[in-house]
Amino acid sequence: MTQLSRRSVLLLGSALLLSGCASTIPPLPANTDNRPESLTREQILAAINAVRKANGAPAWTYNPRLETAARSQARLMASRDTLSHDLGVTLRQRVTEAGYLGAVGENVAKGYGTLPAVIEGWLASSGHRNTLLSPKFIEFGLAVARTGSGKIYWAMIAGGPFEAWRA
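Each residue of the sequence shown is one higher than the one before, starting from 7 at the first, in the working numbering.
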């Protein structure tokens, strides 16, 4: 019986640890248009910050300049039907052109049909997860674009002060 109790405790403890690792992405309201292009900044901000909070990271603010740079990348990927961080225009070039001069990091993705799905995909990739949960970034912008055949491309750019990276 002692062995069974130990085993039960271990199983319960494992389940609790795994539940703590699960990310919390708020569902969109039932009457929401589910197309990624219809997401509001408020919905995007709430989803990103819910995941950050669930993982112990501070909230971000939404930055329209970073959204402009992200939109440029999403559209470029969709127009070429190619997932890449650099399709002839670097991240630094895109953010500078959009008027953003801070430190930046970028997550890109293709094929995910919803914001919660793309967030889960980024969380499953260590590099993307690091960008999404970095305490050094303080703001972000996100955009989505489609190919002519409807394939979805996502780009999220996180930004913050260069000083945070020098510490």
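Where is the CB? At the ideal position from N, CA and C, for every residue including glycine.
Owing to the predicted nature of the structure, the values given are computational and were not obtained by experimental measurement.
Spatial neighbours of Lys157 within its chain, please: CB distance less than 8 Å, with the 5 preceding and 5 following residues excluded, ordered by chain position.
Ala84, Asp87, Lys116, Gly117
In the structure shown, what three-state DSSP assignment does Ala164 receive?
strand
Helix, strand or coil at Leu148 according to DSSP, with G and I counted as helix
strand
DSSP state of Asn69 mapped onto helix, strand, coil
coil
Just how far apart, CA to CA, sit Leu97 and Glu145?
16 Å
Pairwise C-alpha distance: Arg172 and Ala36
In this prediction, Ala36 has a pLDDT of 47, which is less than 50 and means its spatial position is unreliable; what the coordinates show is noted afterwards. Taking the straight line from one Cα to the other gives about 44 Å.
To the nearest angstrom, report how far apart Leu24 and Glu126 are at their CA atoms.
Bear in mind that a pLDDT of 33 at Leu24, under 50, signals an unreliable position, so the number given afterwards is only what the model happens to contain. Spanning the two alpha carbons is a distance of roughly 15 Å.
Would you check if the distance between the CB atom of Glu112 and the CB atom of Ile54 is smaller than 7 Å?
no
Using CA atoms only, rank isn't needed, just tell me which of Leu138, Gly105, Gly147, Tyr159 is closest to Asn69.
Gly147
Where Ala80 falls: helix, strand or coil (DSSP):
helix
What did DSSP end up calling Val114 once you bin it into helix, strand or coil?
strand
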